[in-house]
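Structure record follows, encoded as structure tokens.
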Amino acid sequence: MVVKVLAFAGSPRRHGNSETLLDWVLEEMEKQPGVEVEKYALTDINIAPCKGCNACEKLNACIQKDDIVWIEPKIIEADIIILSSPIFCMGIAAQPKALIDRAQVFRSRKYVLKLPVVPVERKGKRIGIFLASAGQDWDYVFDAAIPSVKCLFNVIDVKNKDIRYLMVNNVDEKGAINDHPTAQADAVALADEVIATILEMKGESR
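When we follow this note's numbering, the leftmost residue of the sequence shown carries the number 1, and every step to the right adds one.
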């Protein structure tokens with residue numbers, strides 16, 4: 001059975017520290033048989049800010065017909081959803097925040113319209129991963145980003161216990177993560193653990 005991985009590189013700067021962290025995870029996952037990876041840079045796709053109009057509470061869809069139209073079914077189909085972002089001004093970057101805000105349609109579907117986000121047989125069988133980098137060397141630099149990330153994963157039917165985090169601080173300049181003593185090994189270990197866990201969730205072994 002195929003394991004579908006959907007990844008979003010959230011930095012406005014391509015191939016920086018957070019995207020490098022993402023690539024390490026994806027490269028390790030792709031080594032596993034049966035794993036299909038799709039990666040999208042949010043700088044290359046069009047996601048407008050949420051209008052806050054609440055039309056999705058009645059329409060079960062967003063009135064804005066941008067790239068969310070084709071992203072939404074990919075989010076539903078994926079077994080593993082990965083979001084990477086740098087930390088800007090103590091919070092998540094604007095591009096991934098726009099994606100999170102537009103996930104309002106899933107919130108409306110789940111909590112207002114009382115409709116399923118994923119089929120019943122797939123509930124509890126999805127994993128979310130948040131990867132982040134920050135230039136500051138403060139242990140609390142990621143605190144403001146985590147609630148937004150949890151909100152995204154919760155509305156797409158990923159439980160809190162099934163969210164994984166790998167957040168690396170004190171990597172400011174582009175490429176600094178390559179010199180971090182544990183980041184790459186941690187990314188590889190995370191990838192292996194998540195693939196093993198999703199296979200167990202799906203009732204498979206390898």
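Cβ coordinates follow ideal geometry from the N, Cα and C atoms, glycine included.
If you're wondering where the values come from, they're calculated on a predicted model, not measured in any experiment.
Quick check on DSSP: helix, strand or coil for residue i?
i       : result
Tyr-111 : helix
Ala-134 : coil
Val-168 : strand
Ala-78  : coil
Pro-33  : coil
Ala-55  : coil
Val-25  : helix
Val-194 : helix
Glu-231 : This structure leaves residue 231 out entirely; the chain is present only between 1 and 206.
Lys-4   : strand
Phe-142 : coil
Ile-129 : strand
Quick one, which of the options has its alpha-carbon nearest residue i's?
i       : options                               : result
Lys-31  : Pro-116, Ser-18, Val-188 and Gln-95   : Val-188
Asn-178 : Val-69, Gln-95, Val-3 and Asn-17      : Asn-17
Leu-99  : Tyr-40, Asn-169, Gln-184 and Gly-135  : Tyr-40
Pro-86  : Glu-72, Val-112, Asn-170 and Glu-193  : Asn-170
Ala-55  : Lys-161, Ala-196 and Leu-113          : Leu-113
Glu-193 : Leu-26, Lys-123 and His-180           : Leu-26
Gly-34  : Leu-22, His-15, Met-1 and Gln-136     : Met-1
Ala-183 : Gly-203, Leu-22 and Arg-14            : Leu-22
Glu-173 : Gln-136, Gly-203, Gln-104 and Tyr-165 : Gln-136
Arg-122 : His-15, Arg-14, Lys-202 and Phe-106   : Lys-202
Can you have a look at residue i and say buried or exposed, based on whether 16 or more other CB atoms are within 10 angstroms of its CB?
i       : result
Gly-52  : exposed
Val-120 : exposed
Lys-58  : exposed
Asp-139 : exposed
Trp-24  : buried
Ala-134 : buried
Glu-200 : exposed
Glu-28  : buried
Ala-191 : buried
Ala-196 : exposed
Ala-132 : buried
Spatial neighbours of residue i within its chain, please: C-beta separation below 6 Å, excluding the five flanking residues on both sides.
i       : result
Gly-128 : Ile-81, Phe-153, Val-158 and Ile-163
Gln-64  : Ala-48
So, at 8 Å on beta carbons, what are the nonlocal neighbours of residue i in its own chain, with the 5 sequence-adjacent residues on each side left out?
i       : result
Ile-76  : Val-117, Val-118 and Ile-156
Lys-74  : Leu-6 and Glu-38
Lys-150 : Asn-160 and Ile-163
Lys-125 : Asp-79, Ile-198, Met-201 and Lys-202
Can you name, in chain order, every residue of its own chain whose Cβ lies under 7 Å from the Cβ of residue i, other than the five neighbours on each side?
i       : result
Arg-109 : Asn-60, Leu-115 and Val-117
Ile-68  : Ile-47, Cys-62 and Arg-102
Leu-42  : Phe-8, Ala-9, Gly-10, Gln-95, Pro-96 and Leu-99
Ser-148 : Ile-92, Lys-97 and Ile-100
Pro-49  : Ala-98 and Asp-101
Ile-198 : Val-3, Asp-79, Ile-80 and Ile-127
Glu-208 : Past the boundaries of the shown model lies residue 208; the chain is included only from 1 to 206, so the question cannot be answered.
Arg-14  : Ala-41 and Thr-43
Gly-175 : none
Is residue i near the ligand PLP, going by C-beta to nearest heavy atom under 6 Å?
i       : result
Gly-135 : Among the components of this structure there are no ligands whatsoever, and the ligand PLP is therefore not found.
*asked:* Within 8 Å, do at least three Cβ pairs link the region 90-105 to the region 136-147?
replied: yes
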